[in-house]
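Asks: Numbering (the working numbering), first residue to last: 11 to 320. The beta carbon of each residue, even a glycine, is placed where N, CA and C say it ideally should be. Structure in structure tokens, see below.
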Amino acid sequence: MTKIAVVGAGLIGRSWAIVFARAGFDVALFDAADGAGAAALAYIAERLPELEQAGLLSDAPSAVLARIHIANGLAEALADVVHVQENGPERVVDKADLFAAMDRLAPADAVLASSTSGIPASAFTGNLAGRARCLVAHPVNPPYLVPLVELCPAPWTAPDVVARTRALMEAAQQVPVTVNKEIEGFVLNRLQIALVAEAFRLVRDGVVSPADLDATIKHGLGLRWSFMGPFETIDLNAPGGLADYCARYGGLYAEIVRSQMTPADFTPELVAQLDGAQRELLPLEEQASRQAWRDRRLMALAAHKAAQPE
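In structure tokens:
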């Protein structure tokens, strides 16, 4: 069985363990914190029956769980692996130290990938002897329900490493996209930030309420965007396709973009306004149950999409 190491057993690490074990890989899960491995296994054991009920497991939960092993040390976790998925703290110095250790201990042909949300691989791999095998493989939380993975190489990452990682992610039933050059926030976060910033601006300017803003996305854009991206969306929204759409609405887009050029600052007053609106809808003590509801809805959506033709 092909062995994958997952380093860091927090929320993202334990989710990666589900992804790889569900796809049939042998997973070595390591976290230096006392009790982290056991807590991760308990979490995974709770999630797997839910995934089976949603039709998102090909094997029995017990069989999937049996593929995940808690390693007693980093060297044990990295022995004989083909791929390492790192999920350490979002600090450059910590990632540099961890990647230096992984570069020493992992087999010479193993890929070293980071789940970082925004730190470029060049910031923590430049001094490594094996820097050509390092890249970012940024997931979307939780990766066992949202399959997109952004593959972002450093300038020195070998093309073969990107190709091998892409093939591995596809084998793990994820959807890899390649970010061709390093850019802050990668692609998904930049798109999300653009939308969230405009959402803050529209509420700040009194154009719409927070609740109606959320309704606009989940009952409007979100329905289309769960099946197609923005380019395909506009291509289908004009009789002559994308070029026709741009001819019809390009001027309007240009005007709106110019009006959005001033940054929408997250001022304390605006943050307090929005947080207050959210707390009226969802008290903090109910957040965990709402997160569980979100995950069940994502499971249902993932199962629905898997059953549909492209």
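#1: When you compare the CB positions of residue 29 and residue 183, do they come within less than 9 Å of one another, or not?
#2: CA-CA distance, residue 66 and residue 189?
#3: Anyone know if the C-beta pair for residue 150 and residue 138 falls short of 9 Å?
#4: Under 8 Å: do the stretch 70-86 and the stretch 42-51 share three or more Cβ pairs, one atom per stretch?
#5: Can you give me the start and stop residues for the alpha helix (DSSP H) that residue 134 sits inside?
#6: For residue 163, which residues does DSSP report across the bridge?
#7: Looking only at its own chain, which residues have a Cβ that is under 6 Å from the Cβ of residue 74, when we skip the five neighbours before and after it?
#8: Taking C-alpha atoms, which residue in 308, 167 and 56 lies nearest to residue 144?
#9: Pick helix, strand or coil for residue 188, following the three-state DSSP scheme.
#10: Looking at the unbroken alpha helix (DSSP H) that takes in residue 124, where does it start and where does it end?
#11: Taking the C-alpha atoms as reference points, what is the distance between residue 5 and residue 104?
#12: Taking Cβ to Cβ, would you say residue 171 is nearer than 9 Å to residue 108?
#13: Pick out whichever of 196, 194, 223 and 131 has its Cα sitting closest to the Cα of residue 165.
#14: Let me confirm a value: residue 125 is counted as buried when at least 16 other C-beta atoms fall within 10 Å, else exposed. Which label applies?
#15: Drop a sphere of 10 angstroms on the beta-carbon of residue 97, count the other beta-carbons inside from all chains shown, and report buried for 16 or more, exposed for fewer.
#16: Taking buried to mean at least 16 other C-beta atoms within 10 Å of its own C-beta, is residue 293 buried or exposed?
#17: Between the Cα of residue 127 and those of 84, 22, 120 and 317, spot the shortest distance and give me the residue it belongs to.
#18: What are the boundary residues of the beta strand (DSSP E) that residue 39 is part of?
#19: What's the gap between the Cα of residue 192 and the Cα of residue 245?
#20: Suppose you measure from the CA of residue 220 to the CA of residue 113; what does that come to, to the nearest Å?
#21: Put residue 181 into one of helix, strand or coil per three-state DSSP.
#22: List, from N- to C-terminal side, the alpha helix (DSSP H) runs of 4 residues or more that fit wholly inside the stretch 216-283.
#23: What does residue 78 pair with, by DSSP beta-bridge criteria?
#24: Looking at C-alpha atoms only, which residue of 84, 91, 133 and 291 is the closest neighbour of residue 119?
#25: If you draw a straight line from the C-alpha of residue 285 to the C-alpha of residue 227, how long is it?
Replies: If we stick to the structure as given:
#1: Closer than 9 Å, so yes.
#2: Per the coordinates, the alpha-carbon of residue 66 lies some 28 Å from the alpha-carbon of residue 189.
#3: Not a contact, by the Cβ cut-off of 9 Å.
#4: At 8 Å Cβ cutoff, the stretches touch.
#5: That run of the alpha helix (DSSP H) goes 132-135.
#6: Residue pairing by DSSP places residue 163 opposite 145 in a beta bridge.
#7: Closer than 6 Å at Cβ, skipping near neighbours: 31, 32 and 58.
#8: Checking every option, the nearest Cα to that of residue 144 belongs to 167.
#9: Strand, per DSSP.
#10: It is not in any alpha helix (DSSP H) - residue 124 instead sits in the beta strand (DSSP E) that spans 121-124.
#11: The structure shown does not extend to residue 5, since the chain is modelled only from 11 through 320, so no value can be given for it.
#12: Cβ atoms of residue 171 and residue 108: not closer than 9 Å.
#13: Of 196, 194, 223 and 131, the residue nearest in Cα terms is 131.
#14: Buried.
#15: Residue environment: residue 97 is assigned as buried (16 or more neighbouring CB atoms within 10 Å of its CB, all protein chains considered).
#16: By the neighbour-count rule (16 or more Cβ atoms within 10 Å), residue 293 is not buried but exposed.
#17: Ranking the options by Cα distance to residue 127, first place goes to 22.
#18: Start and end: 36-40.
#19: Spanning the two alpha carbons is a distance of roughly 28 Å.
#20: One C-alpha to the other measures close to 47 Å.
#21: It is helical.
#22: Runs found: 220-226, 232-235, 240-245 and 251-269.
#23: Partner(s): 37.
#24: Selected option, being the one with the closest Cα: 91.
#25: For residue 285 and residue 227, the gap between their C-alpha atoms comes out near 18 Å.
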